[in-house]
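K.L.:
Just so we're aligned: the sequence shown equals residues 50 to 385 in my numbering.
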Amino acid sequence: MRTTEAYDAVPLEGVHETHGPDANGMTTHTFYAFNTVITLQAAGDADALEAAFDDARKACRTFERLFSRTLPHSDISRLNCAGGKPVPISSDTAKLIRAALCYCEDSQGRFDVTMGSVVRLWDFNRRIVPEQSRIDKALAHVDWKAVHVSEEQPEDSSDEPRGVRARRTWAQLDDPDAAVDLGGIAKGWIADRLTEIVCGYGIESFIVNLGGNVVAHGRKPDGSPWRIGLQDPRSEHRIVGAVDAVNASAVTSGVYERCFERDGIRYHHILDPDTGWPAETDAAGVTVIAQRSIDAEGYSTTLLALGIERGSAFARSHPAIQRAYFVDHQGSVHPS
């Protein structure tokens with residue numbers, strides 16, 4: 050357990066609200082984590098719901114302090130700042146990194162968790178486009194194969210952070226200038242953990258929504274399936290369709306989620322690991338349906354970057370992807 054000296058403040062940590070039950074028997078719990086609004090909706094015993102919501106929220110606080118790229122004492126920040134030396138990490142961080150590397154391999158590097166050195170050059174809030182020379186320099190440090198996780202303490206391991214008891218799992222970057230960014234996979238892994246927590250209280254009918262990363266467990270209280278909308282890329286207030294989901298997760302990646310226009314050119318946040326620039330794709334968005342949320346999240350970015358034709362072929366060749374829905378820039382839906 051970290052001591053006070055190594056305890057990072059999380060934005061709006063103490064803010065959370067619970068409303069309901071509503072006319073449909075659903076109670077809603079909301080809070081802020083991972084730079085987004087988290088929504089949990091469930092039907093069940095009031096005491097069980099309160100305990101499940103509290104445990105889920107506390108778990109999110111723990112995960113944010115472990116996986117954040119910006120909190121200075123997180124496992125990921127310490128790994129990125131270790132100059133290539135091994136650092137001790139939690140078992141949860143090790144599980145997430147190992148899972149992420151599997152998607153890197155499966156996508157043949159189209160998804161790469163070491164894009165951190167490139168990602169931090171782009172500022173979508175201030176509309177900053179980095180110079181090509183800086184992108185080229187950063188790309189030299191992008192290689193997911195250079196990330197290692199081990200249970201054996203290396204001889205050249207870095208010092209334990211003050212107040213952290215020795216742990217048996219270690220991570221290391223071959224390249225001292227590489228930077229791991231788990232932002233493209235962490236919410237899927239977390240959504241699966243929150244699902245386990247809520248199920249542990251005997252709750253069967255619920256929704257976990259991590260800012261668009263949705264788990265639909267069971268059915269609605271009236272027995273009907275959950276319905277998840279497909280975002281219209283031309284307007285955040287419209288959908289172009291909806292799909293049924295029962296005991297499944299739906300994750301959407303879209304070029305409209307974080308973007309800006311400068312000098313007549315539109316830039317989005319899905320960066321190509323080969324070029325460091327926004328991926329060129331005929332898909333404005335893609336929604337992946339999978340039993341596990343980490344599968345839906347792990348593949349959604351890859352499918353978007355591949356585009357409609359190649360992405361559809363990729364989806365058909367991966368059994369973990371139950372369904373994939375591509376939306377083009379005109380709002381037409383292309384199911385796979």
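For each residue, glycine too, the CB sits at the ideal point set by N, CA and C. This structure is a prediction, so every number in the text was calculated from the model and none was measured.
For THR244 and LYS269, I'd like the C-alpha separation in whole angstroms.
P.N.:
Locating residue 244 in the sequence shown gives position 195, counting from the first residue. Locating residue 269 in the sequence shown gives position 220, counting from the first residue. Cα to Cα, THR244 sits roughly 16 Å from LYS269.
K.L.:
TYR250 to TRP171, Cα distance in whole Å?
P.N.:
Translated into the one-based positions of the sequence shown, residue 250 becomes position 201. Translated into the one-based positions of the sequence shown, residue 171 becomes position 122. Taking the straight line joining both Cα atoms gives about 42 Å.
K.L.:
Measure the alpha-carbon distance for SER381 versus VAL289 and round it to whole angstroms.
P.N.:
The count along the sequence shown starts at 1 and reaches residue 381 at position 332. The count along the sequence shown starts at 1 and reaches residue 289 at position 240. Distance between the alpha carbons of SER381 and VAL289: 7 Å.
K.L.:
Can you grab the Cα-Cα spacing for the pair MET164 / ASP71, in whole Å?
P.N.:
Taking the sequence shown and counting its residues from 1, one reaches residue 164 at position 115. Taking the sequence shown and counting its residues from 1, one reaches residue 71 at position 22. If I take the Cα positions, the gap works out to 43 Å.
K.L.:
Could you check whether the region 137 to 146 touches the region 103 to 118, counting it as contact only if at least three pairs of C-beta atoms, one from each stretch, sit closer than 8 Å?
P.N.:
Result yes; three or more Cβ-Cβ pairs closer than 8 Å.
K.L.:
Count the C-beta pairs between the region 229 to 245 and the region 346 to 362 that are closer than 8 Å, then say yes if the count reaches three, no if not.
P.N.:
Judged by Cβ distances under 8 Å, the region 229 to 245 makes contact with the region 346 to 362, as three or more pairs qualify.
K.L.:
How would you call TYR56, buried or exposed, if buried means at least 16 neighbouring beta carbons within 10 angstroms?
P.N.:
Within the sequence shown, residue 56 is the residue found at index 7, counting from 1. Counting Cβ neighbours within 10 Å, TYR56 comes out exposed, since fewer than 16 surround it.
K.L.:
Quick check on CYS109: does DSSP put it in helix, strand or coil?
P.N.:
Against the sequence shown, residue 109 aligns to sequence position 60. If DSSP states are grouped into helix, strand and coil, CYS109 belongs with the helices.
K.L.:
Quick one: grab the DSSP three-state call for THR85.
P.N.:
Numbered from its first residue, the sequence shown carries residue 85 at position 36. Strand at THR85.
K.L.:
Taking 8 Å as the CB-CB cut-off, is ALA72 touching chain B?
P.N.:
Among the chains in the structure shown there is no chain B, since it carries only a single protein chain.
K.L.:
For ARG242, count neighbouring Cβ atoms within 10 angstroms of its own Cβ and tell me buried if that reaches 16, exposed if not.
P.N.:
Translated into the one-based positions of the sequence shown, residue 242 becomes position 193. Label assigned to ARG242: buried.
K.L.:
Here's the rule I'm using: 16 or more other beta-carbon atoms within 10 Å means buried, otherwise exposed. How should MET50 be labelled?
P.N.:
Locating residue 50 in the sequence shown gives position 1, counting from the first residue. Bear in mind that a pLDDT of 38 at MET50, under 50, signals an unreliable position, so the number given afterwards is only what the model happens to contain. Classification of MET50: exposed, given that the 10 Å Cβ count is below 16.
K.L.:
Are there 16 or more other CB atoms within 10 angstroms of the CB of THR85, so buried, or fewer, so exposed?
P.N.:
By 1-based counting over the sequence shown, the position of residue 85 is 36. THR85 comes out exposed.
K.L.:
Determine the extent of the beta strand (DSSP E) in which ALA265 is found, giving its start and end residues.
P.N.:
Sequence index remark: in the sequence shown, residue 265 carries index 216 (1-based). From DSSP, the beta strand (DSSP E) with ALA265 extends over 262 to 266.
K.L.:
Residues in its own chain within less than 8 Å of LEU279 by CB, not counting five upstream and five downstream?
P.N.:
One-based indexing of the sequence shown puts residue 279 at position 230. Only ILE288, VAL289, GLY290, ALA291, VAL292, THR301, GLY334, THR336, TYR374, VAL376 and VAL382 meet the Cβ criterion.
K.L.:
Which term fits CYS151, buried or exposed, when burial requires 16 or more other beta carbons within 10 angstroms of its beta carbon?
P.N.:
For the purposes of this step, residue 151 is identified with residue 102 of the sequence shown, where counting begins at 1. By the neighbour-count rule (16 or more Cβ atoms within 10 Å), CYS151 is not buried but exposed.
K.L.:
Near ILE357, which residues of its chain fall below 6 Å by C-beta distance, leaving aside the five closest residues on each side in sequence?
P.N.:
One-based indexing of the sequence shown puts residue 357 at position 308. Contacts found: ASP331, ALA332, PHE375 and HIS383.
K.L.:
For TYR56, does the three-state DSSP call read helix, strand or coil?
P.N.:
As a position in the sequence shown, residue 56 is number 7, starting the count at 1. DSSP places TYR56 in coil when its eight states are reduced to three.
K.L.:
On a Cα-Cα basis, can you pick out the residue from VAL167, LYS194, VAL191 and ASP192 that is closest to GLN181?
P.N.:
Counting from 1 along the sequence shown, the entry for residue 181 is found at position 132. Of VAL167, LYS194, VAL191 and ASP192, the residue nearest in Cα terms is VAL167.
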